[in-house]
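Numbering (the working numbering), first residue to last: 83 to 689.
Beta carbons are placed, not taken as given, at the ideal position from N, Cα and C, and that holds for glycine.
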Amino acid sequence: MARARLNSGNAAEAELPKAKINQQSLQNVSKLLTYLKPYRLKFAGALFFLILSSLTGLAFPKLLGGIIDAAKGDINGGILPANLNSIGLIAFAILFIQAIVSFFRVTWFVQIAENSIADIRRDTYFKLITLPMNFFSNRRVGELNSRISADLSQIQDTLTTTFAEMLRQIILMIGGTIMMAIVSGKLALILLLILPIIVPIAVFFGRFIRTLSKEAQDQLAESNTIVEETLQGIASVKAFVNEAFEAGRYDKSIRRVANIAIKGAKFRGLFASFVVFCLFGVVVGVIWYGAHLVSLKQLKVGELTEFVMFAILVSASLGSLPEQYANIQKAVGASERVIEILNENCEVVSIRETENEVKQKIEGNLEFKNVRFHYPSRPEIEVLKDVSFLANAGQKVAIVGPSGSGKSTMAALILQFYHPQSGELFFDGKAASSFSLTDIRNQVAVVPQDVMLFGGTIRENIAYGKLKATEEEILQAAQRANAHNFISTFPEGYDTVVGERGVKLSGGQRQRIAIARALLKNPTILILDEATSSLDSESERLVQEALEVLMKNRTSIIIAHRLSTIREADKIIVLEKGTIIESGSHDDLLKNETGLYRYLSGLQFEI
Ligand SMILES: Nc1ncnc2c1ncn2[C@@H]1O[C@H](COP(=O)(O)OP(=O)(O)OP(=O)(O)O)[C@@H](O)[C@H]1O
Ligand SMILES: [Mg+2]
Numbered sequence: 083m084a085r086a087r088l089n090s091g092n093a094a095e096a097e098l099p100k101a102k103i104n105q106q107s108l109q110n111v112s113k114l115l116t117y118l119k120p121y122r123l124k125f126a127g128a129l130f131f132l133i134l135s136s137l138t139g140l141a142f143p144k145l146l147g148g149i150i151d152a153a154k155g156d157i158n159g160g161i162l163p164a165n166l167n168s169i170g171l172i173a174f175a176i177l178f179i180q181a182i183v184s185f186f187r188v189t190w191f192v193q194i195a196e197n198s199i200a201d202i203r204r205d206t207y208f209k210l211i212t213l214p215m216n217f218f219s220n221r222r223v224g225e226l227n228s229r230i231s232a233d234l235s236q237i238q239d240t241l242t243t244t245f246a247e248m249l250r251q252i253i254l255m256i257g258g259t260i261m262m263a264i265v266s267g268k269l270a271l272i273l274l275l276i277l278p279i280i281v282p283i284a285v286f287f288g289r290f291i292r293t294l295s296k297e298a299q300d301q302l303a304e305s306n307t308i309v310e311e312t313l314q315g316i317a318s319v320k321a322f323v324n325e326a327f328e329a330g331r332y333d334k335s336i337r338r339v340a341n342i343a344i345k346g347a348k349f350r351g352l353f354a355s356f357v358v359f360c361l362f363g364v365v366v367g368v369i370w371y372g373a374h375l376v377s378l379k380q381l382k383v384g385e386l387t388e389f390v391m392f393a394i395l396v397s398a399s400l401g402s403l404p405e406q407y408a409n410i411q412k413a414v415g416a417s418e419r420v421i422e423i424l425n426e427n428c429e430v431v432s433i434r435e436t437e438n439e440v441k442q443k444i445e446g447n448l449e450f451k452n453v454r455f456h457y458p459s460r461p462e463i464e465v466l467k468d469v470s471f472l473a474n475a476g477q478k479v480a481i482v483g484p485s486g487s488g489k490s491t492m493a494a495l496i497l498q499f500y501h502p503q504s505g506e507l508f509f510d511g512k513a514a515s516s517f518s519l520t521d522i523r524n525q526v527a528v529v530p531q532d533v534m535l536f537g538g539t540i541r542e543n544i545a546y547g548k549l550k551a552t553e554e555e556i557l558q559a560a561q562r563a564n565a566h567n568f569i570s571t572f573p574e575g576y577d578t579v580v581g582e583r584g585v586k587l588s589g590g591q592r593q594r595i596a597i598a599r600a601l602l603k604n605p606t607i608l609i610l611d612e613a614t615s616s617l618d619s620e621s622e623r624l625v626q627e628a629l630e631v632l633m634k635n636r637t638s639i640i641i642a643h644r645l646s647t648i649r650e651a652d653k654i655i656v657l658e659k660g661t662i663i664e665s666g667s668h669d670d671l672l673k674n675e676t677g678l679y680r681y682l683s684g685l686q687f688e689i
């Protein structure tokens, strides 16, 4: 339940890596494009309006040229009337069409993108939280978080603006070139000879600069990790008075970012000078040669104006393409990472809250049979070695043993967070695999070693054990868990917000809320993982009482360091380095003079 609330907000702004666009990546993108399907009619409409608005955009240079020529009494190109007023009216009519079309183009694209992105976010999030535990041990929360925030934002930007903009620029570029050729073949030819030389140089230059800025981004991401880790462990930073150390570490990292960025800026400046000189140089050259043609009466003034405007339009479109292409590459990279999550195999859990009912009841008999287990992320260390034991329905079975011996791991196996590599778990004599995951988890409850509460109110946190619990049930659970008293001393009572991860409550209070939560869930099998480890004697008594209530009428697996709490257990299992070395009742185990249990008891009770 580790839920990092740290928002890696800056991840959304950080530059995302780009991906090569190839067949595989396009396949990935097309998988995400299926999310557009429900909106395909609107999408087609938006596309139509986009094309329409681009085409009407092409009319303006033409109209301007026409107006200038008409003012001089010339006829421009033969398409437009020579009457000033008629041209003016046409211009306004086109403007009007543009206005309407632009409205729909912009709003529809945004509507489509927002809705489909919301769909993708919902699916990715659900997929993410239904992935097996192992997935999470290999990844950082920040990284996963940024897939839902930054990656999907990139895709969203691409869907809302980049895609439309790119299409518009391509239409303007092709249309503009055709119009130029119509106005003056000679001029157009010259331009078309120069542009293919300048543009590749510009693109190459641009690419080099982007490699530099990517380096800066990677460095920035690294410094963001420092912030994230420091904030997550802020208590340790303060306790060790390492604020200055952390600030220094961050400063060093952030200086590196600045240095790389400054180096990049030099090239960026050079690039800007190059673009200004070459592109404007071309415009000046065209006007120069065009004026020459005008003086030879081969071209009208209006036509030259028109041509220059088209030339600017085409160069601007051409110049903006690499940037948009880069954006699309980033979106492709982002969709690959999102698809990667969507393609993972998730655990089978109920999709709807309403389906969350127990179908196959468990009586409470639990058996480990020759269980061998290592964490998938650490195959070289075998945590459980041939563990077998039986807990009959209603029994209290205690697991004791040194730290790291594998006790919490056994709890994780019962919850089906992981599966043994060999051997098996049985519920009521039936293999665990014959039950659905939902059924097992719905009938097993854990009061964990370190209780994680969610940021909401105390009521919400208790109700997490049974979402549809009534007010009465919540109150009752809190009372039975010895939590009601301390909750009532808070001014806001059950509406008290517990703070991020429950930091506003003491360890014992958090534990009693976790017990209330477990009581509400009313499980058949209960796992208490060191539930009283962090308490003073008075709180321990309160929690212990609450636990006694909780353990009644169910199978309880009690993981404990303090042997005082488990004397009454029906069976005590002594685990050492993943092997059960002793088991039996308290009295049985004490009889073993050389046993670990007797030794530990000796330390704790001084018998
Ligand atoms: N998610 C994990 N991935 C890899 N190894 C793990 C993981 N969790 C625990 N381990 C390793 O498994 C071993 C057993 O850990 P476990 O948490 O079960 O011990 P424990 O008996 O509960 O100890 P403690 O009494 O300190 O709580 C340890 O060596 C630990 O390092
Ligand atoms: Mg443990």
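Q | Gly-677 versus Glu-664 - alpha carbon distance | A | 8 Å
Q) Beta-carbon of Asn-216 versus every beta-carbon of chain D: anything under 9 Å? A) Judged by its chain identifiers, the structure shown contains no chain D, having just a single protein chain.
(Q) Can you tell me where the alpha helix (DSSP H) holding Phe-455 begins and where it ends? (A) No alpha helix (DSSP H) contains Phe-455, which is instead part of the beta strand (DSSP E) from 448-455.
Q) Can you tell which of Leu-624, Lys-603, Leu-629 and Glu-620 has the C-alpha that lies nearest to the C-alpha of Asp-611? A) Leu-629
Q) Just to confirm, are Leu-273 and Ala-393 a CB contact at a threshold of 9 Å? A) Their beta carbons are under 9 Å apart, which means Leu-273 touches Ala-393 by this criterion.
Q) In terms of DSSP beta bridges, what is Thr-661 paired with? A) Glu-658
(Q) Cutting at 6 Å between CB atoms, please list the residues of its own chain near Phe-191, excluding the five before and the five after it. (A) So the list reads Ala-128, Thr-242 and Ala-246, once near-sequence residues are dropped.
Q. Does the Cβ-Cβ distance between Val-479 and Asp-669 come in under 9 Å?
A. no
(Q) I need the straight-line Cα distance from Tyr-121 to Ile-103, nearest angstrom please. (A) 25 Å
Q | Status (buried if at least 16 other CB within 10 Å, exposed otherwise) for Ala-373 | A | exposed
Q. Which of helix, strand or coil does DSSP assign to Ser-335?
A. helix
Q: Determine, using beta carbons only, whether Phe-236 and Asn-409 come nearer to each other than 9 Å.
A: Note that residue 236 is Gln in the sequence shown, not Phe. Yes; because the gap between Cβ atoms is below 9 Å, this pair is in contact.
**Q.** Straight-line gap, Ala-175 to Gln-406 (C-alpha atoms, nearest Å)
**A.** 31 Å
Q: Could you tell me which residues DSSP pairs with Glu-506 in its beta bridges?
A: Beta-bridge pairing links Glu-506 to Lys-451.
Q.
Quick check: what's the CA-CA separation for Thr-293 versus Gly-346?
A. Those two C-alpha atoms are separated by around 9 Å.
Q | Three CB pairs or more closer than 8 Å across the segment 508-524 and the segment 436-453 | A | Three or more beta-carbon pairs drawn from the segment 508-524 and the segment 436-453 are found closer than 8 Å, and the two stretches are therefore classed as touching.
Q: With a cut-off of 8 Å on the beta carbons, I'd call Glu-449 and Leu-507 a contact; round off their distance for me.
A: Between Leu-507 and Glu-449 the Cβ distance is about 7 Å, and since that is below 8 Å, they are a contact.
Q: Please state whether DSSP places Asp-300 in a helix, a strand or coil.
A: helix
Q: Could you name the residues of the same chain whose beta carbon sits closer than 8 Å to that of His-566, not counting the 5 residues immediately before and after it, in chain order?
A: Leu-557 and Ala-560
**Q.** Cβ-based neighbour list, Pro-502, same chain, cut-off 8 Å, excluding 5 preceding and 5 following
**A.** Val-453, Arg-454, Phe-455, Leu-466 and Leu-495
Q | Sub-9 Å separation of Ile-133 and Leu-249 beta-carbons | A | yes
Q: Would you check if the distance between the CB atom of Val-281 and the CB atom of Leu-400 is smaller than 9 Å?
A: One thing to note: Val-281 has its Cβ within 9 Å of the Cβ of Leu-400.
Q. Quick one: Cα of Tyr-371 to Cα of Leu-123, how far?
A. 48 Å
(Q) Rounding to the nearest angstrom, what Cα-Cα distance links Asn-604 and Val-319 in this structure? (A) C-alpha separation (whole angstroms): 40 Å.
(Q) Tell me whether Val-469, by its Cβ, gets closer than 8 Å to a heavy atom of ligand 1. (A) Not under cutoff, so the answer is no.
Q: Work out the CA separation of Thr-661 and Arg-460 for me, nearest whole Å.
A: 18 Å
Q.
Using C-beta distances below 7 Å, list every residue in its chain close to Pro-404, excluding the 5 sequence neighbours before and after it, in chain order.
A. Val-285 and Gly-288
Q) If you measure from the CB of Gln-105, is any heavy atom of ligand 1 nearer than 8 Å? A) no
Q | Selected residue, minimal CA-CA separation from Ile-66, among Ile-179, Thr-116 and Ile-283 | A | Limits of the chain in this structure are 83 at one end and 689 at the other, which puts residue 66 out of reach.
Q | Spatially closest choice to Ile-600 from Asp-151, Ile-169 and Pro-530, by CA coordinates | A | According to the sequence as given, residue 600 is Ala; it is not Ile. Relative to Ala-600, the option among Asp-151, Ile-169 and Pro-530 whose CA is nearest is Pro-530.
Q: Sort Ala-329, Ala-141 and Ile-199 by Cα distance to Ile-260 and report the nearest one.
A: Ala-141
Q) Would you say Ile-496 touches ligand 2, meaning its beta carbon is less than 8 Å from a heavy atom? A) Distances from the CB of Ile-496 to the heavy atoms of ligand 2 are all 8 Å or more.
Q | Leu-108 burial status per 10 Å Cβ neighbour count (16 or more: buried) | A | Result: exposed.
Q.
With H, G and I counted as helix, E and B as strand and the rest as coil, what does DSSP make of Ile-481?
A. Strand, per DSSP.
Q. Hey, which residues come within less than 7 Å of ligand 2, measuring from Cβ to any heavy atom, in chain order?
A. Lys-489, Ser-490, Gln-531, Asp-611, Glu-612 and Ile-641
Q: Determine the direct distance from the alpha carbon of Glu-310 to that of Arg-233, and round the result to whole angstroms.
A: As written in the sequence, residue 233 is Asp, which differs from the Arg given in the question. Distance between the alpha carbons of Asp-233 and Glu-310: 18 Å.
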